[in-house]
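Taken in sequence, the protein lines are chains P and S.
If you're matching positions, the first sequence starts at 1 in my numbering and goes up one per residue.
If you're matching positions, the second sequence starts at 1 in my numbering and goes up one per residue.
Just so you know, even glycine gets a beta-carbon here, dropped at the ideal spot from N, CA and C.
Below is one structure; the comments refer to it alone.
2 protein chains.
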Amino acid sequence: MQINETQSQEKHRHAEEVMQSLRRVVKALHEYSTSVEKQFGLTGPQLWALWELNRAGHLSLKALSARMHLDPSTVTGVVDRLQKRRLLVRATDPKDRRRVVLSLTAEGIHLLKEAPHPAQGQLLYALHGMDLEEVEQLNQTLKHLASVMEVGSAEARFFFAEG
Amino acid sequence: MQINETQSQEKHRHAEEVMQSLRRVVKALHEYSTSVEKQFGLTGPQLWALWELNRAGHLSLKALSARMHLDPSTVTGVVDRLQKRRLLVRATDPKDRRRVVLSLTAEGIHLLKEAPHPAQGQLLYALHGMDLEEVEQLNQTLKHLASVMEVGSAEARFFFAEG
DNA sequence: CAAAATTAATTTCGATACAAACTATTTGTA
DNA sequence: TACAAATAGTTTGTATCGAAATTAATTTTG
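Here's what the structure looks like:
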């Protein structure tokens, strides 16, 4: 098991660096997000919510939060702020009165046309400066990483001890 | 410029998926973090701060926030909570009385010995299930991405319009 | 059909995260 | 040396984020 031992240690080292990089990427995204906020008055998540809503036509709050991979309680807050600015409306679904159906207002649609893509210009810009091959690789590997991490929620709790 | 046009569009598509993956990864990390919190009473950032402090012996608040890629005002809050739990102490540097020097208490050192690695078991677990080659690739590409994104703060603001 | 379980959304609470404003101290300069 | 500029840390204010508890409506079950 010599090889596996060594590999495990190497992965350990890589994990720390991957963590660092993820932090840096998230921070860069945040910086870009606040610069957009100054121009459009919308934060990243707010813009993202509008975008998903526009793409789908209308969505329940639960459906929206599923698409955004966010907790409903988080999305409630985001929607609150968008509603306050009259960019979307809440309506009760008559078929199921628990459900809240969200749809864009004309104002919301108009604003979206002027706003940047929510996939974050910072990221677009960065990917622009990379080889297509590298971009595809990144996409592929990140997707793999995400799916493995989602599955491994329970197992991971008992894993760190051996690392 | 046919090829470059096509490449740009493809990168655009990839950007959206990369964004999605990043969100999913961050969420998975958070989920792991809260599961650790239940066992050790420490959040991810808190554990991370202790870890960095232990590695360095002692650090000013600014130095700690630099290592963590976090704003000093954020770290102030994290340190507040750690100090309240007597896991570290603040001391004024006599050579420069603006500086606050942080060091672990015996209790903090003791707790660290039982705690998991702050690089997040979830991530370790996931990387464990991937080929070493893929892990190295991911590390490399993410590092590249992070550095390009950090540099491109200003340029990116004017880039999204053309995307 | 009535009680129990489930589901959708919200509220509350605490942590993270940063910008901007502020205090205190140190350094640079005129 | 006195005054301006820079630096370290904190405070304040706002947004994000999720867990846990809550409310209201629907579905399942006994």
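Nonlocal neighbours in the same chain, by C-beta distance under 6 Å from residue i, ignoring five residues either side
i                  : result
Ala-49 of chain P  : Val-78
Ala-91 of chain P  : Val-101
Leu-127 of chain P : Val-135
Lys-84 of chain P  : none
Ala-56 of chain P  : none
CB contact flag (residue i, residue j, <8 Å)
i                  : j                 : result
Leu-70 of chain S  : Leu-88 of chain S : no
Ala-146 of chain P : Val-25 of chain S : yes
Leu-64 of chain P  : Val-18 of chain S : no
Trp-51 of chain P  : Pro-94 of chain P : no
Residues near residue i in its chain [Cβ-Cβ closer than 7 Å; skip 5 each side]
i                  : result
Gly-41 of chain S  : none
Ala-15 of chain P  : none
Gln-46 of chain P  : Val-78, Arg-81 and Leu-82
Val-148 of chain P : none
Met-68 of chain S  : Trp-48, Ala-49, Glu-52 and Val-75
Gly-108 of chain S : Leu-50, Leu-87 and Leu-88
Phe-160 of chain S : Because Phe-160 of chain S sits at a pLDDT of 45, beneath the cut-off of 50, its placement in the model cannot be relied upon, and the point is left open.
Asn-139 of chain P : none
Met-72 of chain P  : Correcting the residue type first, residue 72 of chain P is Pro in the shown sequence and not Met. These residues qualify, in order along the chain: Leu-61, Lys-62 and Ser-65.
Arg-157 of chain S : Because Arg-157 of chain S carries a pLDDT of 48, less than 50, the predicted location of this residue cannot be relied on, and the following value inherits that uncertainty. No residues qualify anywhere along the chain.
Whole-number beta carbon distance between residue j and residue i, since they are thought to touch under 8 Å
i                  : j                  : result
Ser-35 of chain P  : Thr-43 of chain P  : Between Thr-43 of chain P and Ser-35 of chain P the Cβ distance is about 11 Å, and since that is not below 8 Å, they are no contact.
Thr-6 of chain S   : Glu-134 of chain P : That belief does not hold up - the Cβ atoms of Thr-6 of chain S and Glu-134 of chain P are roughly 16 Å apart, past 8 Å.
Arg-99 of chain S  : Ser-60 of chain S  : 5 Å
Glu-10 of chain P  : Leu-22 of chain S  : At roughly 24 Å, the Cβ-Cβ gap does not stay under 8 Å, so Glu-10 of chain P and Leu-22 of chain S are not in contact.
Leu-102 of chain S : His-58 of chain S  : 6 Å
Gln-137 of chain S : Gln-20 of chain P  : With 8 Å as the limit, Gln-137 of chain S and Gln-20 of chain P do not qualify as a contact, their Cβ atoms being about 16 Å apart.
When the options are compared against residue i, the one with the closest alpha-carbon
i                  : options                                       : result
Lys-113 of chain S : S:Arg-13, S:Met-19 and S:Asn-54               : S:Asn-54
Leu-29 of chain P  : P:Ala-115, P:His-12, P:Asn-139 and P:Tyr-125  : P:Tyr-125
Leu-111 of chain S : S:Lys-95, S:Arg-90, S:Arg-86 and S:Ala-91     : S:Arg-86
Lys-38 of chain S  : S:Leu-127, S:Pro-116, S:Met-130 and S:Asn-139 : S:Pro-116
Gly-129 of chain P : S:Met-130, S:Glu-150 and S:Asn-139            : S:Glu-150
Lys-27 of chain S  : P:Asn-139, P:Ala-66 and P:Lys-84              : P:Ala-66
Beta-carbon proximity list for residue i, same chain, < 8 Å, skipping 5 on both sides
i                 : result
Thr-76 of chain P : Leu-61
Cβ-heavy atom distance, residue i to the ligand PLP, below 7 Å
i                 : result
Tyr-32 of chain S : Ligands displayed in this structure: none; no statement on the ligand PLP is therefore possible.
For this session: At 4 residues or longer, and completely inside the segment 13-74 of chain S: list those alpha helix (DSSP H) runs for me, N to C.
Result: 44-56 and 61-68
Problem set entry | Any beta strand (DSSP E) of 3 or more consecutive residues that is wholly inside the segment 84-108 of chain P | 88-92 and 100-104
For this session: Within the segment 113-154 of chain S, note down every full alpha helix (DSSP H) run reaching 4 residues or more, in order along the chain.
Result: 121-128 and 132-151
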